[in-house]
Ligand code: OAD
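In this note's numbering, the protein residues as written are 61 to 301.
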């Protein structure tokens with residue numbers, strides 16, 4: 061059992077307004093590699109080639125081949141006990157807001173509704189000409205690079221480095237952070253802005269800031285409480301299974 065303070069359990073028991081921000085560590089126990097650790101997504105690949113508009117313009121086939129493989133890997137993954145604990149918690153608490161940087165869709169698969177997606181969705185495609193986006197869960201994709209009915213190339217509906225976040229999602233997330241009385245930062249290295257600013261916004265607005273991670277991060281000194289442990293283990297302990 062992870063070390064959780066009586067104060068935090070008391071705040072949750074009193075029904076305080078809770079918001080949570082999740083990152084790649086949330087899905088680690090589901091078998092989804094994180095970004096920055098050994099064996100992570102970026103370990104053997106160049107970020108510049110695979111996750112920037114420039115890399116896509118240069119070689120869309122290569123970028124799509126990589127995304128097709130990620131979609132294949134992730135479609136074989138299932139939500140873990142942490143995703144399920146958050147989904148159950150959200151069902152009991154209408155005021156709860158869940159914000160994620162993950163594009164794997166595992167919060168929705170676990171049953172969480174209204175998740176704020178900051179970095180998009182791996183199983184959606186967007187037309188490079190019309191800007192319209194739609195779900196596409198086919199694995200593997202029948203054609204690489206895939207094309208829109210209008211003939212233009214489709215791209216993954218995710219946020220790449222150097223791109224702005226979906227405006228509505230960031231606004232909603234900032235509002236949720238500002239209104240929260242308890243803010244949980246879960247499984248994120250807390251270095252990629254603007255998402256990394258959300259725990260800071262919450263803290264400045266008076267929230268009790270809790271970090272759940274297997275190790276300390278740049279956010280740890282700001283947190284009121286750091287719970288060291290895997291999210292899939294800590295969250296059921298914290299929120300009830
Ligand atoms: P990172 O890979 O940077 O960080 C993962 C964090 O999860 C690290 O702090 C780990 O210590 C922690 N961690 C690992 N296993 C864990 C576990 N079982 N339980 C709890 N924590 C664990 O991933 P993110 O912070 O999500 O952006 O990265 C943020 C963004 O950078 C991503 O959304 C992506 C990436 O580049 C875009 O694609 C735009």
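C-beta atoms are modelled at their ideal positions from N, C-alpha and C, and glycine is treated no differently.
Residue i classed as buried or exposed, judged by whether at least 16 other C-beta atoms fall within 10 angstroms
{"i": "residue 263", "result": "buried"}
{"i": "residue 147", "result": "buried"}
{"i": "residue 212", "result": "exposed"}
{"i": "residue 152", "result": "exposed"}
{"i": "residue 75", "result": "exposed"}
{"i": "residue 268", "result": "buried"}
{"i": "residue 233", "result": "buried"}
{"i": "residue 185", "result": "buried"}
{"i": "residue 266", "result": "exposed"}
{"i": "residue 149", "result": "buried"}
{"i": "residue 183", "result": "buried"}
{"i": "residue 221", "result": "exposed"}
{"i": "residue 107", "result": "exposed"}
{"i": "residue 180", "result": "buried"}
Run of the beta strand (DSSP E) containing residue i, from where it starts to where it stops
{"i": "residue 272", "result": "268 to 273"}
{"i": "residue 216", "result": "214 to 218"}
{"i": "residue 184", "result": "180 to 187"}
{"i": "residue 286", "result": "285 to 288"}
{"i": "residue 302", "result": "Lying before the first or after the last residue shown, residue 302 is absent from the chain, which here runs from 61 to 301."}
{"i": "residue 158", "result": "157 to 160"}
Alpha carbon of residue i to alpha carbon of residue j, nearest angstrom
{"i": "residue 285", "j": "residue 65", "result": "8 angstroms"}
{"i": "residue 216", "j": "residue 70", "result": "42 angstroms"}
{"i": "residue 172", "j": "residue 192", "result": "25 angstroms"}
{"i": "residue 358", "j": "residue 293", "result": "Because residue 358 is not part of the residues shown, which for the chain are 61 to 301, the question remains open."}
{"i": "residue 125", "j": "residue 246", "result": "30 angstroms"}
{"i": "residue 121", "j": "residue 115", "result": "10 angstroms"}
{"i": "residue 109", "j": "residue 123", "result": "7 angstroms"}
{"i": "residue 300", "j": "residue 194", "result": "35 angstroms"}
{"i": "residue 197", "j": "residue 188", "result": "18 angstroms"}
{"i": "residue 254", "j": "residue 281", "result": "19 angstroms"}
{"i": "residue 154", "j": "residue 78", "result": "10 angstroms"}
{"i": "residue 248", "j": "residue 290", "result": "12 angstroms"}
{"i": "residue 235", "j": "residue 258", "result": "9 angstroms"}
{"i": "residue 141", "j": "residue 273", "result": "15 angstroms"}
{"i": "residue 118", "j": "residue 112", "result": "10 angstroms"}
{"i": "residue 252", "j": "residue 175", "result": "19 angstroms"}
{"i": "residue 129", "j": "residue 199", "result": "9 angstroms"}
{"i": "residue 157", "j": "residue 276", "result": "24 angstroms"}
{"i": "residue 207", "j": "residue 132", "result": "19 angstroms"}
{"i": "residue 177", "j": "residue 205", "result": "24 angstroms"}
Residue interval of the alpha helix (DSSP H) (run including residue i)
{"i": "residue 299", "result": "291 to 299"}
{"i": "residue 144", "result": "141 to 152"}
{"i": "residue 169", "result": "166 to 170"}
C-beta neighbour in chain C for residue i, strict 8 angstroms
{"i": "residue 95", "result": "Looking for chain C here will not work: only one protein chain is present."}
Problem - Whole alpha helix (DSSP H) elements within the stretch 72 to 134, 4-residue minimum - result: 107 to 110 and 113 to 118
Problem - Length at least 3, wholly inside the stretch 226 to 260: the beta strand (DSSP E) runs in chain order - result: Within the stretch 226 to 260, the runs of beta strand (DSSP E) that reach at least 3 residues and sit entirely inside it are, in chain order, 242 to 246.
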